[in-house]
Each structure stands twice: as C-alpha cells, then as structure tokens.
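Below is one structure; the comments refer to it alone.
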Amino acid sequence: MKYRTMGKLGIQASAFGLGCMRFNGAASGDSVIDEQKAISLIRRAIDGGVTYLDTAYVYLDKTSEIVLGKALRDGYRDRVTIATKMPMEYVHNREEMQALLDSELQKLQTDHIDFYLMHGINKEKWEYFKSIGAPEFFDDMKKAGKIRYKCFSFHGPYSDFEYVLNDWDWDMVQIQYNFMDVDNQAGTKGLELAGRKGIPVVIMEGLLGGRLSKAPSNVQALYDAFPVKRSPVEWAFRWLCNHPEVSVVLSGCNEAEQIDDNLRIFDTVEPGIMDEAELRLMDDVRAAYVSRTKIGCTGCRYCMPCPNGVNIPGLFSAWNNVSLYETNPKWDWDLRQIREKGQGPDNCIGCGACEAACPQHLGIIEGLRRAWAELTAE
C-alpha cells in the first residue's frame, strides 16, 4: 500500500480509502447490510494496509456507521482514521448538532472522529451551516477532542467551491473527481486550488458510481490497442493517483476480490506515474465515454426515496447501460424490475424533490421522460 502526506496536516494516509456507502446490493436499491460480510471486508482492507475509512450519518439507511463501529472493535480502531459527516437536513441549532455528533460517536464506538465533514456542501448550504453556528461548533468540538479535523464534502459548481474553500480555515475537503469530471463540479481547477492552499483532497466517485469499471466496446478497443494492458478500474485509479494534490481515493467494495484488487493497484501508484502516451489515452477514453453516456447519474441515491415511487437511479442506470454497452432494453435487469414493480416515471408528478436533492444538478424530470420513451420504444 502506498501512503501519502495529507497536505498541511502532515499526516500519512493510505492512498486507497475504503468507502462504506455501497456494501451489499446498495447500488441497486438494497440497503440492508450483511453485517458479518461487511465487517470481514472492512477488516480485510485494514489488514492490507488501508488506514482511511469513510462513512456518513445517512449512508445505508443510517446503518453504515453502526457496522463500521462493530468492525473497528478488537483493536482495529487504533489502526485507522475515520471520516463521517453531518447532514444539513438533520440539524437546525447547536443542540441538534451536538446530539447528532454524540449519536455518531456512539454508533462508531469511539471517543473521537478524525475527519468530520459538513455533508454535500455548496455555497447555499455553507451559508446555512454558518447561520446555525456550525463553524463555531466544529471549532469547539476540535478543542474538546471530539473531532480532529474540520472538513467538508462538496457537490456544486466550481464558483461555489472556490467561495467555500476560501471562506474558512478548512483542514480537508472531499470532492467528486475522476477522468470524466475534469470540468464538472470542483473539477481539476478545484483540485489544484486546494493543492495550492495545502488543503488535502479526498476523492469520491473515482469510478463514477461504477460506470468506469466496465468499459463499453468503443472504450475497450482503445484499452486493447494500447501496448500496456490494465483493467478499466486500474486505469481510472492510476489516472487519479497521478495527481499530486490527491491524498486519498475512496473506493466502495462489495467483495473480497475487489478489496484485493484495489490493494494491488494502490501498491503501484505514485504522483506523476503516467507518461504522455497514457494521458493521451485517457483523453481518448473520456471522449469515447461521452459519446455514449445519456445522463450523468452516479447512482448515489440522494434523490431517493421518490415520494411517488419512481426508481430514478434504476431507470437512469438502465438508460446509460443500454447506450454504453449496446444491449437490448428488454434484457436490462433494472428496467425489468421497474416495470414489474410499477416504479416507472408514469408515477412522476413533477414535484421536483429529486432535482433539489441531486448533487449532480441533473434535469431529472425531463431525463425520466426521455429515458422511458427510448427504453420502451417498440
């Protein structure tokens, strides 16, 4: 396992950080965790050298922190740092912030959280957090030893990122970034801005919700033609780790084989590891993906549950998969489930709750209409 210095903090972290949002079948809608399997995966990662674990209050129907706390018994807590998050929608004053933090500490079975993040920040949400005294609360909790570092995760345009990053003395930031998102959200400009300020950057969605882990035919042809052979996952992580500003790359794993593959990959990556030919390859790969992607949904499920029963991420997954991999919609598992369960966009009343919650700021309502029309056309 390669380790990196986290910017101005000066501490070491494993380049591979285990994300605890996608255990079991959560990506397809099943958010019930097989605890023993998840605990085994977490400990396998730690035994392999992983020191950074990421969760959040809301992940997996508020059960992710509980399972992580159980996994860190028997001395495992002393070997790692934990990142978890405070969601805006659950706190309105200092008392509620204190109660939420204390509940997270209890679930995680620890007396402190290493990296405590204001969750899913943009400019509007940051102003809200300021209005309820969150910066002062974080400072006080840092002095009290309940948190070590004050941080935020970000979803929004670059202009918001620049404003928030410069508006307070942050210890760390977590951004969505991958070779498809160079100009999306914080993007490369945001990554480099944080780097200039010495603020360590943790990467989420490095595989874009798993979409970059399986190459469609036009992308695979590019990989196959390159003289060095690597899996799509390795290319994606290698590209991220090439950036010196990146401290940790989060990856969610559902199987032991995925843990082991990541341990292998992250034992071989360093900043500046990619040569010019490899960087040109990734530019070509990006263009090939763009040519077939219908909508930029990562399957994060922030839009769910839909109050009217529409399976939004399932439909968008089917739409992208049929386009990317040139499959027949009739055989798409997500689409079959949506039809059998009556979860199609014919239930949508256009309330807009999904669009307000979407960290990608997608035009979900129009996207649902277009996806359904294309996927169900005879």
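Sequence positions in the sequence shown follow the working numbering and run -17 to 360.
Glycine included, each C-beta is placed from N, C-alpha and C at the ideal position.
Fair warning: this is a prediction, and the values are worked out from it, not measured in the lab.
Quick one: give me the first and last residue of the beta strand (DSSP E) that R(-14) is part of.
Indexing the sequence shown from 1 puts residue -14 at position 4. Bounds of the beta strand (DSSP E) holding R(-14) are Y(-15) to T(-13).
Confirm, please, whether the CB-CB distance from I241 to L54 is below 9 Å.
Here residue 54 corresponds to residue number 72 of the sequence shown, with the count starting at 1. Here residue 241 corresponds to residue number 259 of the sequence shown, with the count starting at 1. Contact flag unset, no.
Can you check DSSP and say which residues form a bridge with F134?
Taking the first residue of the sequence shown as position 1, residue 134 is located at position 152. F134 is bridged to M100 and V155.
What is the DSSP secondary structure of Y145, counted as helix, strand or coil?
As a working note, residue 145 is residue 163 in the sequence shown. Helix at Y145.
Decide if D163 is buried, meaning its Cβ has at least 16 other Cβ atoms within 10 Å, or exposed.
Taking the sequence shown and counting its residues from 1, the one referred to as residue 163 is at position 181. When all chains shown are included, D163 counts as buried.
Would you kindly work out how many angstroms separate the C-alpha atoms of G(-11) and D316, rounded to a whole number?
Within the sequence shown, the letter at position 7 stands for residue -11. Within the sequence shown, the letter at position 334 stands for residue 316. Separation of G(-11) and D316 (C-alpha to C-alpha, rounded to the nearest whole angstrom) is 42 Å.
Smallest Cα separation from D142: which of N160, Y41, A168 and F119?
For the purposes of this step, residue 142 is identified with residue 160 of the sequence shown, where counting begins at 1. That would be A168, whose Cα lies nearest to the Cα of D142.
Please tell me whether N200 and L261 are closer than 9 Å, where the distance is taken between their beta carbons.
Position 218 of the sequence shown holds residue 200. Position 279 of the sequence shown holds residue 261. Contact flag unset, no.
Using the rule of at least 16 other Cβ atoms within 10 Å of the residue's Cβ for burial, across every protein chain shown, is Y131 buried or exposed?
Position 149 of the sequence shown, counting from 1, holds the residue named residue 131. Buried is the label assigned to Y131, since at least 16 other Cβ atoms lie within 10 Å of its Cβ.
Residue range of the alpha helix (DSSP H) that F161 falls in?
Reading the sequence shown from its first residue, position 179 is the one you call residue 161. Counting along the chain, F161 falls outside any alpha helix (DSSP H), and DSSP gives it neither H nor E.
What would DSSP say about M186, mapped onto helix, strand or coil?
Your numbering for residue 186 matches position 204 in the sequence shown. The answer is strand: DSSP assigns M186 an E or B state.
Distance between A339 and A38 (C-alpha atoms, nearest Å):
The residue given as residue 38 occupies position 56 in the sequence shown. The residue given as residue 339 occupies position 357 in the sequence shown. The alpha-carbon atoms of A38 and A339 are separated by roughly 16 Å.
Any 3 or more C-beta pairs closer than 8 Å across the segment 328 to 339 and the segment 305 to 315
With the rule of 3 Cβ pairs closer than 8 Å, the segment 328 to 339 does not count as touching the segment 305 to 315.
Using only CA atoms, which one of S113, T33 and A300 lies nearest to M70?
Within the sequence shown, residue 70 is the residue found at index 88, counting from 1. Minimum Cα distance to M70 is reached at S113.
Would you report the Cα separation of T170 and Y159, rounded to the nearest angstrom?
Walking along the sequence shown from the start, residue 170 turns up at place 188. Walking along the sequence shown from the start, residue 159 turns up at place 177. Between T170 and Y159, the alpha-carbon positions lie close to 8 Å from each other.
Answer with buried or exposed for W354, where buried requires no fewer than 16 other C-beta atoms within 10 angstroms of its C-beta.
What you label residue 354 is simply residue 372 of the sequence shown in a count that begins at 1. It is buried - the Cβ of W354 has at least 16 other Cβ atoms within 10 Å.
Less than 9 Å between the C-beta atoms of L147 and G188, yes or no?
What you label residue 147 is simply residue 165 of the sequence shown in a count that begins at 1. What you label residue 188 is simply residue 206 of the sequence shown in a count that begins at 1. The beta carbons of L147 and G188 sit no closer together than 9 Å.
What is the DSSP secondary structure of Y34, counted as helix, strand or coil?
Position 52 of the sequence shown holds residue 34. Looking at Y34 - three-state DSSP - the assignment turns out to be strand.
Sufficient close CB pairs (3 or more, under 8 Å) joining the segment 179 to 187 to the segment 203 to 211:
By the Cβ rule, the segment 179 to 187 does not count as touching the segment 203 to 211, because fewer than three pairs are nearer than 8 Å.
Can you grab the Cα-Cα spacing for the pair L306 / T275, in whole Å?
One-based indexing of the sequence shown puts residue 306 at position 324. One-based indexing of the sequence shown puts residue 275 at position 293. Here the alpha carbons of T275 and L306 stand approximately 6 Å from one another.
Would DSSP call K196 helix, strand or coil?
Along the sequence shown, one-based indexing puts residue 196 at 214. In the structure shown, the three-state DSSP call for K196 is coil.
Quick one: grab the DSSP three-state call for M364.
Since the first residue shown for the chain is -17 and the last is 360, residue 364 is missing from the structure and cannot be characterised.
Coarse secondary structure for I294, derived from DSSP in three states:
Reading the sequence shown from its first residue, position 312 is the one you call residue 294. In the structure shown, I294 adopts helical secondary structure according to DSSP, grouped into three states.
So V292 and P327 are supposed to be a Cβ contact under 8 Å. How far apart are they, rounded?
The count along the sequence shown starts at 1 and reaches residue 292 at position 310. The count along the sequence shown starts at 1 and reaches residue 327 at position 345. With a Cβ gap of about 5 Å, V292 and P327 count as contacting.
Let's see if you can read the secondary structure: which residues bound the beta strand (DSSP E) around F(-2)?
As a position in the sequence shown, residue -2 is number 16, starting the count at 1. Here the beta strand (DSSP E) through F(-2) covers F(-2) to G1.
Could you check if A116 is buried or exposed, using at least 16 other CB atoms within 10 Å of its CB as the buried criterion?
Position 134 of the sequence shown, counting from 1, holds the residue named residue 116. Burial check for A116: the Cβ neighbour count within 10 Å reaches 16 or more, so the residue is buried.
Any beta carbon from chain D within less than 9 Å of S135's own beta carbon?
No chain D is part of this structure, which consists of one protein chain only.
Indicate whether L99 and E144 have their beta-carbon atoms separated by less than 9 Å.
Working through the sequence shown from its first residue, we reach residue 99 at position 117. Working through the sequence shown from its first residue, we reach residue 144 at position 162. No. Outside cutoff.
What residues in its chain sit with their C-beta under 7 Å from that of K(-16), if we drop five residues either side in the sequence?
Reading the sequence shown from its first residue, position 2 is the one you call residue -16. Leaving aside the five residues that flank K(-16) on each side, the residues in its chain whose CB is nearer than 7 Å to its CB run, in chain order, A(-3), F248, D249, V251 and E252.
N- and C-terminal bounds of the beta strand (DSSP E) containing T66:
Along the sequence shown, read from residue 1 onward, the residue named residue 66 stands at position 84. Per DSSP, the continuous beta strand (DSSP E) segment holding T66 begins and ends at T63 to M68.
I'd like the list of long-range same chain contacts for M120, defined as Cβ closer than 6 Å, with 5 residues on each side in sequence excluded.
To locate residue 120, count along the sequence shown from 1; it is residue 138. With the sequence shown as reference, residue 120 is identified as Phe, and Met is not the correct amino acid for it. Here the set comprises K132.
As a quick exercise: from Q319, V272 and A238, pick the residue whose alpha carbon is nearest that of D29.
For the purposes of this step, residue 29 is taken as the residue at position 47 of the sequence shown. Ranking Q319, V272 and A238 by CA distance to the CA of D29 puts A238 first.
State the start and end residues of the unbroken alpha helix (DSSP H) segment that holds L23.
Sequence index remark: in the sequence shown, residue 23 carries index 41 (1-based). Following the DSSP letters along the chain, one finds L23 inside the alpha helix (DSSP H) bounded by residues E17 to D29.
Range of the contiguous alpha helix (DSSP H) that encloses L232:
Position 250 of the sequence shown, counted from the start, is the residue given in the question as residue 232. Not the alpha helix (DSSP H): L232 falls in the beta strand (DSSP E), residues V228 to G234.
Let's see if you can read the secondary structure: which residues bound the alpha helix (DSSP H) around P214?
Position 232 of the sequence shown, counted from the first residue, corresponds to residue 214. P214 to C223 is the extent of the alpha helix (DSSP H) around P214.
For K107, count the other beta carbons within 10 Å of its own beta carbon; 16 or more makes it buried, fewer makes it exposed. Which is it?
By one-based count along the sequence shown, residue 107 stands at place 125. Classification of K107: buried, given that the 10 Å Cβ count is 16 or more.
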